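According to our numbering, the sequence shown is numbered sequentially starting from 9.
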Amino acid sequence: MSNINRRILIIDDDVEVRNAYQKILLPDTNKNTKERELMALLDANHTSQIQSTTEFHLDFASQGQIGFEMVKTAIAQQTPFALAFIDMRMPLGWNGTQTATKIRQIDPHIEIVIVTAYSDASISDIVKQVGMPDKLLFLRKPFEGDEILQLALSLTSKWNKLSYRTRELQNSLQQLDEKNHSLQHEIQLRQEKEQALKKSTQQLEASLLELKKAQNKLVEAEKMAALNTLVAGVAHEINTPVGASLTGISYLHTELENIKKAYDNEELEEQDFYKFLDTSMELTASMQHNLQRTADLVKSFKQVAVDQSHDQLRTFNLSDYLHTILLSLKSTTKKRLEITVNTPDKINITGYPGAFSQLITNLIMNTLMHGYPNSDTLGKVDINLSTDHRRVKLYYRDYGKGIPKEHLNKVFEPFFTTKRQSGGTGLGLHILYNIITQQLEGNVQLSSEINQGMQIFIYFPITLKKKTA
Ligand SMILES: Nc1ncnc2c1ncn2[C@@H]1O[C@H](COP(=O)(O)OP(=O)(O)O)[C@@H](O)[C@H]1O
Ligand SMILES: [Mg+2]
């Protein structure tokens, strides 16, 4: 540090004494040897800022009040005194003790030396009055030049060291303050970030909820689509027996007209009448058969449709049910799939028939869409149903294009589809998986190889218990 403060104030009413100070502290020559020795002693192992100069700057006051004013001005101009020599006995105005006390009140840093010829008051009384004994020294008159020089050097050095330490302290306090500030700033930033994170988490949660709702809607839509396929099949299947019955009845009508005409014209022969009776019997039998079939179809389709839309736990013959489902899909699969079914006549189970028909529908639709995308080729499907003492085993396989290895672990994921362009939703196998694992409390294994078709094993309990909601 370059600005070493060597400002000294001398307050003494005796002009001779003031001159003596001047001579001692500001000799005409450059620094004398004695001073250098002293410097070496004082600053031997200390910082350079104190060694840099020992040029004192002296100011003089002939009275306490004047000295006090000079201290005040110096502080105001930020060029404070490091040290004051104050004469004890100054008959006009303040004495040394008063002057020192006043100065101490406005300058807590200044080093003070009170110079006494003899004490009016005891030293301890003076110290008590002036205060800060660590910055107060006493010197007896008459003094030696060396004493003054030594005091001037060591006390101004002390002042500078102290102020240097104070500045250091202030600096580190300031740094601490700054750190504290930046810490607080950081805390605030973090709190803000946390807040923002919380908000976006909430938003994310909200959109996740929306997404789930949308997904549920899509799943419902997909289920309804399966139902539509069934309904379309119903109309088609009923057409044949109803058509046959209509043909039968109009034929019977014509026969009746003919026989009536012959009777009216008295041309009816016994032989013709018997022939008519035979034909009528045949026709009505066939019509009865067709109408019975129509009634059966309507009944079973109705059941399938009801099961699909309001699935309820009930006991039914799974084998019959499978046939009904396949029949209702026949208009879609006819000419495109050859389905081989292997099942015992009777598999009575307690479960959800609607869920079962959804499974079969999804599997067949997938075989048509993905296994045999080319509608010219006749595909092949095997369906085997069997039971052990506890479980139903459903084995389904097709011999179509199969699923590449890298897709195998994705096909049950919602929205995974390789046919988005042609209307795939990627929900079919997802729904199948959920139905099996959740509604039917079973499990499913799917395996496939490219161009080897795909096969799926489904297991579920023969008897399901009603879930207590
Ligand atoms: N029988 C199958 N043969 C070949 N690939 C299939 C078969 N079944 C399903 N996949 C593949 O699994 C994917 C997912 O099927 P799915 O969940 O039913 O969705 P989507 O039929 O709407 O594409 C299909 O896009 C297809 O790549
Ligand atoms: Mg599908």
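Cβ coordinates follow ideal geometry from the N, Cα and C atoms, glycine included.
These numbers were taken from a predicted model, which means no experiment stands behind them.
Report whether the distance from the Cβ of residue i to the nearest heavy atom of ligand 2 is below 7 Å.
{"i": "M373", "result": "yes"}
{"i": "G461", "result": "no"}
{"i": "N325", "result": "no"}
{"i": "G432", "result": "yes"}
{"i": "G436", "result": "yes"}
{"i": "N247", "result": "no"}
{"i": "N370", "result": "yes"}
Leaving aside the five residues before and after residue i along the sequence, list all residues of the same chain whose C-beta is less than 7 Å from its C-beta, in chain order.
{"i": "T107", "result": "I19, G72, G75, F76, I94"}
{"i": "A160", "result": "I16, L33, F64, L91"}
Going by DSSP in three states, residue i sits in which element: helix, strand or coil?
{"i": "K388", "result": "strand"}
{"i": "T471", "result": "strand"}
{"i": "F423", "result": "coil"}
{"i": "G379", "result": "helix"}
{"i": "F89", "result": "coil"}
{"i": "I19", "result": "strand"}
{"i": "L454", "result": "strand"}
{"i": "A125", "result": "coil"}
{"i": "Y271", "result": "helix"}
{"i": "I411", "result": "coil"}
{"i": "K354", "result": "coil"}
{"i": "H117", "result": "coil"}
{"i": "R97", "result": "coil"}
{"i": "Y404", "result": "strand"}
{"i": "I12", "result": "coil"}
{"i": "E346", "result": "strand"}
{"i": "M289", "result": "helix"}
Taking the alpha carbon of residue i as the reference point, which residue from the options has its own alpha carbon closest?
{"i": "F424", "options": "L416, N417, H415, G434", "result": "G434"}
{"i": "H261", "options": "T287, I444, Y29", "result": "T287"}
{"i": "K474", "options": "S171, D319, D115, M377", "result": "D319"}
{"i": "N459", "options": "T395, L305, Y380", "result": "Y380"}
{"i": "Q429", "options": "P469, H378, K207, V400", "result": "H378"}
{"i": "T375", "options": "V389, L367, F364, S365", "result": "V389"}
{"i": "K143", "options": "P422, F468, S165", "result": "S165"}
{"i": "F468", "options": "L367, Q182, Y271", "result": "L367"}
{"i": "G139", "options": "T109, D115, G153, W167", "result": "T109"}
{"i": "L264", "options": "F284, Q279, S253, E275", "result": "F284"}
{"i": "M289", "options": "M232, A214, Y259", "result": "Y259"}
{"i": "T105", "options": "N168, T81, S130", "result": "S130"}
{"i": "R26", "options": "I12, N382, L66, F309", "result": "L66"}
{"i": "A252", "options": "L219, F281, S294", "result": "S294"}
{"i": "H331", "options": "V349, L321, F89, R322", "result": "V349"}
{"i": "K80", "options": "L337, I111, P99", "result": "I111"}
{"i": "V452", "options": "Y441, G461, Q446, Q296", "result": "Y441"}
{"i": "D406", "options": "L181, S456, M462, Q446", "result": "M462"}
{"i": "I470", "options": "G450, S456, E457", "result": "G450"}
{"i": "T395", "options": "L337, H415, I411, I466", "result": "I466"}
Quick check: residue i and residue j, are their CB atoms within less than 8 Å of each other?
{"i": "V448", "j": "T358", "result": "The sequence as given places Leu at residue 448; Val does not occur at that position. No, Cβ-Cβ distance for L448 and T358 is not below 8 Å."}
{"i": "G408", "j": "R344", "result": "no"}
{"i": "T174", "j": "R148", "result": "no"}
{"i": "M78", "j": "L17", "result": "yes"}
{"i": "L305", "j": "I246", "result": "yes"}
{"i": "V227", "j": "I439", "result": "yes"}
{"i": "I347", "j": "N325", "result": "no"}
{"i": "L238", "j": "Q316", "result": "yes"}
{"i": "S419", "j": "L437", "result": "The sequence shown places Val at residue 419, not Ser. In this structure, L437 lies closer than 8 Å to V419 by Cβ."}
{"i": "W167", "j": "N13", "result": "yes"}
{"i": "Y29", "j": "I156", "result": "yes"}
{"i": "D115", "j": "P88", "result": "yes"}
Using a Cβ-Cβ cutoff of less than 6 Å, which residues in the same chain neighbour residue i once the five nearest sequence positions on both sides are dropped?
{"i": "Y329", "result": "P361"}
{"i": "V23", "result": "none"}
{"i": "L163", "result": "L91, E119"}
{"i": "T351", "result": "S327, L393"}
{"i": "G153", "result": "I32"}
{"i": "A234", "result": "Q366, T369"}
{"i": "Y404", "result": "L371, I391, I464"}
{"i": "S308", "result": "T332"}
{"i": "F68", "result": "I18, R26"}
Taking 7 Å as the cut-off, is the CB of residue i close to at least one heavy atom of ligand 1?
{"i": "K427", "result": "yes"}
{"i": "G379", "result": "yes"}
{"i": "F424", "result": "yes"}
{"i": "V419", "result": "yes"}
{"i": "G387", "result": "no"}
{"i": "H415", "result": "yes"}
{"i": "G410", "result": "yes"}
{"i": "D406", "result": "yes"}
By Cβ distance, which residues of its chain are closer than 8 Å to residue i, with the 5 residues on each side in sequence left out?
{"i": "N38", "result": "Low confidence applies to N38: its pLDDT is 48, below 50, so where it sits in the model is not reliable, and the reading given next is rough at best. There are no such residues."}
{"i": "A240", "result": "S339, T340"}
{"i": "L276", "result": "I267, A270"}
{"i": "G101", "result": "Q71, G72, Q73"}
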